[in-house]
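*Asks:* Take a look at this one; I'll ask things after.
Protein chains: 2
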Amino acid sequence: MTTSLDAPATDGAQPAAVPASPSTDDVTAQVLAVARRAKEASRALAVATRGTKDAALHALADALVAHADAIVAANAEDLERGRGDGISDGLLDRLALTPARIEAIAGALREVAALPDPVGEVVRGSTLPNGLRMRQVRVPMGVVGMIYEARPNVTVDAVGLTLKSGNAVVLRGGSAAARSNAVIVDVLRAALEAQGLPADLVQSVDAWGRAGGVALMHARGLVDVLVPRGGAGLIQTVVREATVPVIETGVGNVHVYVDATADPALALPILLNAKTQRVGVCNAAETLLVHRAAAEAFLPSALTALVAAGVTVHGDDATAALAPAGVDVVPATDEDWATEYLSLDLAVRVVDDLDAALDHIRAWSSGHTEAIVTRDLAASERFVAEVDSAAVMVNASTRFTDGGQLGLGAEIGISTQKLHARGPMGLGELTTTKWVVHGDGHVRP
Amino acid sequence: MTTSLDAPATDGAQPAAVPASPSTDDVTAQVLAVARRAKEASRALAVATRGTKDAALHALADALVAHADAIVAANAEDLERGRGDGISDGLLDRLALTPARIEAIAGALREVAALPDPVGEVVRGSTLPNGLRMRQVRVPMGVVGMIYEARPNVTVDAVGLTLKSGNAVVLRGGSAAARSNAVIVDVLRAALEAQGLPADLVQSVDAWGRAGGVALMHARGLVDVLVPRGGAGLIQTVVREATVPVIETGVGNVHVYVDATADPALALPILLNAKTQRVGVCNAAETLLVHRAAAEAFLPSALTALVAAGVTVHGDDATAALAPAGVDVVPATDEDWATEYLSLDLAVRVVDDLDAALDHIRAWSSGHTEAIVTRDLAASERFVAEVDSAAVMVNASTRFTDGGQLGLGAEIGISTQKLHARGPMGLGELTTTKWVVHGDGHVRP
Numbered sequence: 001m002t003t004s005l006d007a008p009a010t011d012g013a014q015p016a017a018v019p020a021s022p023s024t025d026d027v028t029a030q031v032l033a034v035a036r037r038a039k040e041a042s043r044a045l046a047v048a049t050r051g052t053k054d055a056a057l058h059a060l061a062d063a064l065v066a067h068a069d070a071i072v073a074a075n076a077e078d079l080e081r082g083r084g085d086g087i088s089d090g091l092l093d094r095l096a097l098t099p100a101r102i103e104a105i106a107g108a109l110r111e112v113a114a115l116p117d118p119v120g121e122v123v124r125g126s127t128l129p130n131g132l133r134m135r136q137v138r139v140p141m142g143v144v145g146m147i148y149e150a151r152p153n154v155t156v157d158a159v160g161l162t163l164k165s166g167n168a169v170v171l172r173g174g175s176a177a178a179r180s181n182a183v184i185v186d187v188l189r190a191a192l193e194a195q196g197l198p199a200d201l202v203q204s205v206d207a208w209g210r211a212g213g214v215a216l217m218h219a220r221g222l223v224d225v226l227v228p229r230g231g232a233g234l235i236q237t238v239v240r241e242a243t244v245p246v247i248e249t250g251v252g253n254v255h256v257y258v259d260a261t262a263d264p265a266l267a268l269p270i271l272l273n274a275k276t277q278r279v280g281v282c283n284a285a286e287t288l289l290v291h292r293a294a295a296e297a298f299l300p301s302a303l304t305a306l307v308a309a310g311v312t313v314h315g316d317d318a319t320a321a322l323a324p325a326g327v328d329v330v331p332a333t334d335e336d337w338a339t340e341y342l343s344l345d346l347a348v349r350v351v352d353d354l355d356a357a358l359d360h361i362r363a364w365s366s367g368h369t370e371a372i373v374t375r376d377l378a379a380s381e382r383f384v385a386e387v388d389s390a391a392v393m394v395n396a397s398t399r400f401t402d403g404g405q406l407g408l409g410a411e412i413g414i415s416t417q418k419l420h421a422r423g424p425m426g427l428g429e430l431t432t433t434k435w436v437v438h439g440d441g442h443v444r445p
Numbered sequence: 001m002t003t004s005l006d007a008p009a010t011d012g013a014q015p016a017a018v019p020a021s022p023s024t025d026d027v028t029a030q031v032l033a034v035a036r037r038a039k040e041a042s043r044a045l046a047v048a049t050r051g052t053k054d055a056a057l058h059a060l061a062d063a064l065v066a067h068a069d070a071i072v073a074a075n076a077e078d079l080e081r082g083r084g085d086g087i088s089d090g091l092l093d094r095l096a097l098t099p100a101r102i103e104a105i106a107g108a109l110r111e112v113a114a115l116p117d118p119v120g121e122v123v124r125g126s127t128l129p130n131g132l133r134m135r136q137v138r139v140p141m142g143v144v145g146m147i148y149e150a151r152p153n154v155t156v157d158a159v160g161l162t163l164k165s166g167n168a169v170v171l172r173g174g175s176a177a178a179r180s181n182a183v184i185v186d187v188l189r190a191a192l193e194a195q196g197l198p199a200d201l202v203q204s205v206d207a208w209g210r211a212g213g214v215a216l217m218h219a220r221g222l223v224d225v226l227v228p229r230g231g232a233g234l235i236q237t238v239v240r241e242a243t244v245p246v247i248e249t250g251v252g253n254v255h256v257y258v259d260a261t262a263d264p265a266l267a268l269p270i271l272l273n274a275k276t277q278r279v280g281v282c283n284a285a286e287t288l289l290v291h292r293a294a295a296e297a298f299l300p301s302a303l304t305a306l307v308a309a310g311v312t313v314h315g316d317d318a319t320a321a322l323a324p325a326g327v328d329v330v331p332a333t334d335e336d337w338a339t340e341y342l343s344l345d346l347a348v349r350v351v352d353d354l355d356a357a358l359d360h361i362r363a364w365s366s367g368h369t370e371a372i373v374t375r376d377l378a379a380s381e382r383f384v385a386e387v388d389s390a391a392v393m394v395n396a397s398t399r400f401t402d403g404g405q406l407g408l409g410a411e412i413g414i415s416t417q418k419l420h421a422r423g424p425m426g427l428g429e430l431t432t433t434k435w436v437v438h439g440d441g442h443v444r445p
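From first to last, the protein sequence lines stand for chains A and B.
Following the UniProt record's numbering, the residues of the first sequence are numbered contiguously, the last one being 445.
Following the UniProt record's numbering, the residues of the second sequence are numbered contiguously, the last one being 445.
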């Protein structure tokens with residue numbers, strides 16, 4: 001994945017009034033006005049019932065399907081420009097919309113409508129010794145900013161999740177999908193208005209290009225949280241640049257550790273699933289660590305199976321020494337231990353023991369997900385206790401670090417930070433809380 | 001409260017090796033080394049039992065009492081320097097330590113020991129349809145940075161709360177308390193070592209002055225969260241400057257709204273308590289809003305009572321018109337609506353209705369605490385739903401926004417941001433979570 005922040009928007013899709021080369025001050029003022037309208041609009045939604053919100057989500061889904069032709073036509077322009085810019089086939093495929101894909105995107109909105117409303121949940125409550133009735137209740141954040149890359153389905157996902165959790169959203173999508181996103185946003189805004197809700201619950205700053213994204217990152221007091229979704233470059237730029245609170249998502253340098261006592265009948269399927277079931281996702285494995293005592297029995301067949309699955313192995317000397325004839329091992333360097341390949345590549349290292357595996361993970365992990373395959377209870381417990389990552393798997397594929405798989409129903413992203421949310425983020429993570437205290441004239445003694 | 005960030009440390013207390021004018025690069029390298037040692041030390045504590053942690057807290061308390069003479073002697077140096085620098089009597093009083101105060105500070109550590117351990121709490125858990133056993137468990141953050149102002153008791157509080165929640169702490173205290181803090185930190189470090197725990201669980205960067213604080217704010221990947229405690233200047237500096245995640249605390253431009261139907265027998269005690277029970281704290285009231293229909297009956301006696309309690313009233317024209325003879329009303333400006341006085345001053349405004357009160361609060365509140373006094377159920381419900389603050393009080397004093405008062409047992413601070421923690425923060429807010437998933441060879445289909 002590449003960062004889209006540095007790529008200027010190549011068209012002036014929306015709003016039409018944006019000058020060709022607005023000054024940074026102009027952009028800042030206009031983006032702050034967008035954020036202010038979002039904050040204002042969010043007040044209406046914050047007190048809306050679940051019924052109102054779910055009806056709106058269904059209306060948005062219907063509108064997308066009804067306007068599929070216009071969306072596909074705009075998408076064709078993006079695809080054509082993308083081909084001209086030499087975008088890879090893989091990225092073009094992720095960018096492409098068809099009536100069937102739009103139907104699926106609309107279906108995701110209907111699924112969000114079916115989820116419980118996080119707003120109003122009482123997370124703590126009691127009557128205090130002095131008779132005060134205290135409760136801590138989930139309430140919407142207010143305005144959520146989303147900065148993301150090319151896929152236009154993320155636009156709709158972001159809108160569905162933020163609206164359901166009672167928030168307004170300000171979008172900054174990838175410039176490669178600028179036309180598709182502009183039409184989608186127009187369709188969604190019109191549908192909201194038809195439902196009697198403010199159109200400004202959904203706004204985009206794409207028309208201001210990179211400067212718009214930067215202004216969004218500095219809209220302190222108006223944007224309550226910013227969620228970047230995309231590659232490491234995008235996320236690091238947002239984390240470094242933003243003065244509004246950010247939830248860091250998605251970078252996964254993910255490890256599978258095969259312990260001395262691992263059952264090979266479990267280890268190989270878990271490894272293959274973690275590496276090859278879907279590449280290019282943050283919960284796919286990037287490094288295999290094998291206990292020295294298991295290496296001779298496990299690695300030769302594992303390497304053969306990996307290569308048969310199309311995987312390029314980057315291994316240390318001990319790995320290379322165990323490679324069967326016909327299996328090529330590219331010598332691994334520190335860069336391999338550090339890299340989130342997002343491709344059919346795997347770094348492989350033989351380690352002396354569990355401590356060495358933990359040291360390697362401590363040194364190189366991005367804190368997303370690590371798995372151990374073992375039959376040793378004590379080893380599993382040490383691994384769970386000492387690995388400092390959002391998710392730890394015991395005898396299961398790393399691909400299960402996913403909101404849908406773990407029962408959250410929908411996923412905003414996977415947080416790799418420790419504040420507010422860690423691991424898969426559901427609707428609840430787009431809310432904050434409010435303390436509500438009822439008294440009868442209570443004063444502090 | 002004033003910010004201490006701009007004030008250079010006036011002595012080279014600790015460590016002795018710091019050069020007189022280290023370059024910024026040197027300071028950064030040394031502070032990063034401190035943070036790295038903290039991270040390393042935190043690993044030992046993360047897997048420590050509650051028994052180990054509570055025993056350590058009692059040992060720290062005993063050590064403080066045992067070394068009270070040395071601490072009081074160091075504090076006398078701070079007080080003497082403070083008098084020379086012309087520090088106010090109020091601040092000198094907050095800075096001063098006596099054997100009795102040290103006993104109280106040690107007592108607070110013992111109270112923290114008695115609190116439940118947040119680490120290990122399962123906040124969510126289930127067996128998924130595919131048989132995976134999922135649980136989300138509270139774990140320590142790792143390294144907590146604390147940047148705060150003069151009071152040396154905050155040093156000990158911060159250490160107690162971070163250790164109990166399994167974290168290492170790096171402290172940057174106010175330079176006015178530099179000698180007191182240096183001796184306290186030495187006493188605590190020695191006591192930790194005597195307990196078989198790493199001394200580096202508690203470290204200070206005070207010796208590097210302002211540059212040390214700045215380096216701490218940029219120690220991304222080593223400091224997991226930074227908690228500034230102090231005045232608005234300090235907090236805004238940290239929020240603007242820091243690249244590590246920050247929890248914003250404490251600024252309270254707090255409102256009391258007396259509705260048309262308020263019972264005067266409730267309204268006056270609540271107002272006086274909110275304004276005068278303790279000034280200089282973030283949950284004290286700064287502005288009184290009175291519904292026009294209640295103004296004539298309520299304000300004259302309220303103004304008389306406020307002035308009798310030593311309060312200076314800054315009022316709008318309607319307030320001034322209702323002031324009884326002998327009650328002076330200073331004309332209020334926008335600056336009064338914006339100011340957190342932290343003193344015996346109160347801004348007073350007559351508003352046309354609940355909507356006008358909500359508009360005023362929306363425009364000027366810092367999002368800390370607001371109170372309504374009313375007998376009207378619908379008005380109370382609208383106020384609770386529409387005020388976007390960390391805490392909302394109905395017929396109770398704003399002074400109840402406090403971890404101790406609301407049953408959290410101990411308080412790290414009061415968050416005015418929406419991410420991670422909002423309102424009073426207890427031990428749980430110094431933890432994050434880890435998803436732990438157990439399978440039997442599970443792979444994703």
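Ideal placement from N, C-alpha and C gives every residue a C-beta, glycine not left out.
Does the separation of the CB atoms of V327 of chain A and V307 of chain A fall below 8 Å?
*Replies:* Yes, the pair counts as a contact, with Cβ atoms nearer than the cut-off.
*Asks:* Return yes when the Cβ of L109 of chain A is within less than 8 Å of the Cβ of G160 of chain A, no when it is not.
*Replies:* For G160 of chain A and L109 of chain A, yes; Cβs fall inside 8 Å.
*Asks:* Going along the chain, which residues of the stretch 381 to 401 of chain A sit with their C-beta nearer than 8 Å to a C-beta in chain B?
*Replies:* Hits within the stretch, in order: V384, A385, E386, D388, S389, A390, A391, V392, M393, V394, N395, A396, S397, R399, F400 and T401.
*Asks:* For I270 of chain A, go through chain B and note every residue whose CB falls closer than 9 Å to its CB, in chain order.
*Replies:* Chain B residues near I270 of chain A: G439, G441, H442 and V443.
*Asks:* Just checking my contact of L408 of chain B with A357 of chain B at CB under 8 Å: how many whole Å lie between their CB atoms?
*Replies:* Not really, about 29 Å apart at Cβ, beyond 8 Å.
*Asks:* Anyone know if the C-beta pair for P116 of chain A and A46 of chain A falls short of 8 Å?
*Replies:* For P116 of chain A and A46 of chain A, no; Cβs fall outside 8 Å.
*Asks:* Using 8 Å as the threshold, is the C-beta distance between P324 of chain B and L346 of chain B below it?
*Replies:* No, the pair does not count as a contact, with Cβ atoms beyond the cut-off.
*Asks:* I'd like to know if W435 of chain B contacts chain A, where contact means its C-beta is closer than 8 Å to some C-beta of that chain.
*Replies:* Cβ-Cβ to chain A under 8 Å: yes for W435 of chain B.
*Asks:* Taking 8 Å as the CB-CB cut-off, is D224 of chain A touching chain B?
*Replies:* By this cut-off, D224 of chain A is an interface position.
*Asks:* L5 of chain A CB to nearest chain B CB: under 8 Å?
*Replies:* The predicted model places L5 of chain A with a pLDDT of 33, which falls under 50 and marks its position as unreliable; any figure quoted below should be read in that light. No, because no Cβ of chain B sits closer than 8 Å to the Cβ of L5 of chain A.
*Asks:* Going straight from the alpha carbon of A56 of chain A to that of A106 of chain A, what length do you get?
*Replies:* The alpha-carbon atoms of A56 of chain A and A106 of chain A are separated by roughly 12 Å.
*Asks:* Leaving out five residues before and five after G166 of chain A in sequence, what residues of the same chain have Cβ atoms less than 6 Å from its Cβ?
*Replies:* The answer, listed in chain order, is L45, A46, V119 and P140.
*Asks:* Using 8 Å as the limit for Cβ to Cβ distance, is L406 of chain A near chain B?
*Replies:* Closer than 8 Å: yes.
*Asks:* For a contact defined as C-beta to C-beta under 9 Å, what are the partners of G212 of chain B on chain A?
*Replies:* Residues of chain A passing the Cβ test: none, with the nearest at roughly 21 Å.
*Asks:* Taking the alpha carbon of V143 of chain A as the reference point, which residue from A:F400, A:A168 and A:D316 has its own alpha carbon closest?
*Replies:* Answer by Cα proximity: A:A168.
*Asks:* Would you please verify whether the beta carbon of residue 511 of chain A is less than 8 Å from any beta carbon of chain B?
*Replies:* Residue 511 of chain A is absent from the model: chain A starts at 1 and stops at 445.
*Asks:* Kindly identify the DSSP beta-bridge partner or partners of residue 458 of chain B.
*Replies:* No information on residue 458 of chain B is available, as it lies outside the stretch 1 to 445 that chain B covers here.
*Asks:* Can you name, in chain order, every residue of its own chain whose Cβ lies under 6 Å from the Cβ of A59 of chain A, other than the five neighbours on each side?
*Replies:* Here the set comprises A191 and Q195.
*Asks:* Can you check the stretch 339 to 397 of chain A for any alpha helix (DSSP H) of at least 4 residues that lies completely inside it and give the ranges in chain order?
*Replies:* Listed in chain order, the complete alpha helix (DSSP H) runs (minimum 4 residues) inside the stretch 339 to 397 of chain A are 354 to 364 and 377 to 386.
*Asks:* Compile a chain-ordered list of the residues in the stretch 259 to 291 of chain A whose CB is closer than 7 Å to at least one CB of chain B.
*Replies:* Result list: L266, P269, I270, N273 and Q277.
*Asks:* Mind pulling the chain B residues with CB within less than 9 Å of G142 of chain A?
*Replies:* Simply D388 and K418.
*Asks:* Can you tell me the Cα-Cα spacing of I414 of chain B and A293 of chain A, whole angstroms?
*Replies:* One C-alpha to the other measures close to 52 Å.
*Asks:* Any beta-carbon of chain B closer than 8 Å to the one on M425 of chain A?
*Replies:* Judged by the 8 Å Cβ criterion, M425 of chain A is not in contact with chain B.
*Asks:* Are the CB atoms of G173 of chain B and T162 of chain B nearer to each other than 8 Å?
*Replies:* Not a contact, by the Cβ cut-off of 8 Å.
*Asks:* Which of the three DSSP states, helix, strand or coil, is assigned to T312 of chain A?
*Replies:* Looking at T312 of chain A - three-state DSSP - the assignment turns out to be strand.
*Asks:* Contact criterion: CB-CB distance below 8 Å. Does L128 of chain B meet it with respect to chain A?
*Replies:* At least one chain A Cβ lies under 8 Å of L128 of chain B.
*Asks:* Here's a check: name, in chain order, each residue in its chain whose Cβ is nearer than 6 Å to the Cβ of V183 of chain A, leaving out the five neighbours to either side.
*Replies:* Excluding residues within five positions, the ones whose Cβ falls inside 6 Å are A70, I71 and A74.
*Asks:* Name the DSSP bridge partner or partners of V202 of chain B?
*Replies:* Answer by DSSP bridge pairing, in chain order: B:V169.
*Asks:* Taking Cβ to Cβ, would you say D388 of chain A is nearer than 8 Å to G367 of chain A?
*Replies:* Yes, these two residues count as a Cβ contact at 8 Å.
*Asks:* Below 7 Å on C-beta distance, what does R240 of chain A contact in chain B?
*Replies:* Correct list: T243.
*Asks:* Taking DSSP's pairing of strands, which residues face V141 of chain B in a bridge?
*Replies:* For clarity, residue 141 of chain B is Met in the given sequence; the question names Val instead. DSSP output for M141 of chain B lists no bridge partner at all.
*Asks:* Leaving out five residues on either side along the sequence, give the residues of the same chain with a beta carbon under 7 Å from the beta carbon of D353 of chain A.
*Replies:* Result list for D353 of chain A: H291, in chain order.
*Asks:* Our contact map puts D259 of chain B next to D376 of chain B with C-beta atoms below 8 Å; I'd like the distance itself, whole angstroms only.
*Replies:* 6 Å between Cβ atoms; contact.
*Asks:* Determine the direct distance from the alpha carbon of R138 of chain A to that of T431 of chain A, and round the result to whole angstroms.
*Replies:* Their backbone Cα atoms lie some 6 Å apart in a straight line.
*Asks:* Between the stretch 337 to 345 of chain A and the stretch 216 to 227 of chain A, are three or more C-beta pairs nearer than 8 Å?
*Replies:* In short, these stretches do not touch, since the Cβ pair count stays below three.
*Asks:* In angstroms, rounded to a whole number, what distance separates the CA positions of H420 of chain A and T28 of chain A?
*Replies:* Looking at the two C-alpha atoms, the distance is approximately 28 Å.
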